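In this note's numbering, the protein residues as written are 1379 to 1483.
Take a look at the structure:
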(Lines of atoms letter the chains of each structure in order from A and count residues from 1; the text may use other names and numbers.)
(Lines give C-alpha, C1' and ligand atoms only; values in the text may rest on other atoms or scores of the structure.)
Protein backbone atom coordinates (compact mmCIF):
# COMPACT_ATOMS: atom_id res chain seq x y z
CA UNK A 1 0.00 0.00 0.00
CA UNK A 2 1.32 3.42 -0.99
CA UNK A 3 0.34 6.66 0.75
CA UNK A 4 0.96 9.95 -1.01
CA UNK A 5 1.82 12.18 1.94
CA UNK A 6 2.80 15.18 -0.17
CA UNK A 7 -0.82 15.59 -1.39
CA UNK A 8 -1.84 16.18 2.23
CA UNK A 9 0.54 19.15 2.45
CA UNK A 10 0.83 20.62 -1.06
CA UNK A 11 -1.97 21.85 -3.31
CA UNK A 12 -2.51 23.85 -6.44
CA UNK A 13 -5.54 26.03 -7.09
CA UNK A 14 -5.75 28.00 -10.36
CA UNK A 15 -7.06 31.19 -8.72
CA UNK A 16 -4.75 31.18 -5.68
CA UNK A 17 -1.10 32.30 -5.72
CA UNK A 18 -1.15 32.54 -9.50
CA UNK A 19 -1.81 28.82 -9.79
CA UNK A 20 1.54 27.95 -8.21
CA UNK A 21 2.00 25.03 -5.84
CA UNK A 22 1.49 26.06 -2.24
CA UNK A 23 1.17 24.74 1.29
CA UNK A 24 -2.38 23.36 1.62
CA UNK A 25 -4.70 25.93 3.16
CA UNK A 26 -2.10 28.72 2.99
CA UNK A 27 -0.78 31.28 0.53
CA UNK A 28 2.82 30.19 1.10
CA UNK A 29 4.17 28.79 -2.16
CA UNK A 30 6.57 25.87 -2.49
CA UNK A 31 9.00 28.27 -4.15
CA UNK A 32 8.84 30.53 -1.07
CA UNK A 33 9.92 27.63 1.14
CA UNK A 34 12.72 26.82 -1.33
CA UNK A 35 13.97 30.42 -1.36
CA UNK A 36 13.92 30.66 2.42
CA UNK A 37 15.74 27.35 2.83
CA UNK A 38 18.09 27.15 -0.16
CA UNK A 39 18.90 30.82 -0.84
CA UNK A 40 18.46 32.46 2.56
CA UNK A 41 19.83 29.53 4.57
CA UNK A 42 16.86 29.20 6.91
CA UNK A 43 16.41 25.84 8.57
CA UNK A 44 12.96 24.20 8.49
CA UNK A 45 12.63 25.10 12.17
CA UNK A 46 13.39 28.76 11.45
CA UNK A 47 10.80 28.78 8.68
CA UNK A 48 8.06 27.58 11.02
CA UNK A 49 9.20 30.09 13.66
CA UNK A 50 8.51 32.86 11.14
CA UNK A 51 5.33 31.20 9.83
CA UNK A 52 3.76 29.39 12.80
CA UNK A 53 0.57 28.56 10.88
CA UNK A 54 2.43 25.91 8.88
CA UNK A 55 3.93 22.71 10.22
CA UNK A 56 7.35 21.15 9.99
CA UNK A 57 5.72 18.45 7.85
CA UNK A 58 4.51 21.16 5.45
CA UNK A 59 8.04 22.51 5.08
CA UNK A 60 9.56 19.09 4.50
CA UNK A 61 6.81 18.19 2.02
CA UNK A 62 7.53 21.38 0.07
CA UNK A 63 11.26 20.62 0.05
CA UNK A 64 10.63 16.99 -0.96
CA UNK A 65 8.40 18.15 -3.80
CA UNK A 66 11.07 20.63 -4.89
CA UNK A 67 13.81 18.00 -4.91
CA UNK A 68 11.59 15.71 -7.00
CA UNK A 69 10.73 18.57 -9.42
CA UNK A 70 13.76 20.89 -9.39
CA UNK A 71 13.42 21.99 -13.01
CA UNK A 72 9.69 22.79 -12.67
CA UNK A 73 10.09 24.87 -9.50
CA UNK A 74 13.27 26.56 -10.75
CA UNK A 75 11.43 27.55 -13.93
CA UNK A 76 8.57 29.01 -11.87
CA UNK A 77 11.06 30.96 -9.78
CA UNK A 78 12.78 32.34 -12.89
CA UNK A 79 9.41 33.35 -14.40
CA UNK A 80 8.43 35.10 -11.16
CA UNK A 81 11.73 36.99 -11.08
CA UNK A 82 11.39 38.00 -14.75
CA UNK A 83 7.87 39.26 -14.07
CA UNK A 84 9.08 41.33 -11.11
CA UNK A 85 11.93 42.81 -13.14
CA UNK A 86 9.54 43.66 -15.99
CA UNK A 87 7.17 45.46 -13.62
CA UNK A 88 10.09 47.31 -11.98
CA UNK A 89 11.36 48.47 -15.36
CA UNK A 90 7.94 49.88 -16.26
CA UNK A 91 7.20 51.51 -12.91
CA UNK A 92 9.29 54.00 -11.02
CA UNK A 93 9.17 54.03 -7.27
CA UNK A 94 7.78 56.94 -5.27
CA UNK A 95 11.33 57.71 -4.14
CA UNK A 96 12.56 57.77 -7.75
CA UNK A 97 9.71 60.12 -8.68
CA UNK A 98 10.58 62.50 -5.82
CA UNK A 99 14.28 62.50 -6.74
CA UNK A 100 13.39 63.24 -10.34
CA UNK A 101 11.21 66.20 -9.26
CA UNK A 102 14.01 67.57 -7.04
CA UNK A 103 16.57 67.24 -9.84
CA UNK A 104 14.26 69.00 -12.30
CA UNK A 105 13.64 71.94 -9.95
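Glycine included, every Cβ here is placed at the ideal spot set by N, Cα and C.
These figures come from a predicted structure and were not determined experimentally.
{"Query": "Under 8 Å between C-beta atoms of residue 1440 and residue 1388", "Result": "yes"}
{"Query": "Residues bridged to residue 1389 [DSSP beta-bridge criterion]", "Result": "1400"}
{"Query": "Rounded Cβ spacing between residue 1425 and residue 1415 (contact assumed at less than 8 Å)", "Result": "7 Å"}
{"Query": "Under 8 Å between C-beta atoms of residue 1422 and residue 1437", "Result": "yes"}
{"Query": "Whether residue 1480 touches residue 1443 by CB criterion (8 Å)", "Result": "no"}
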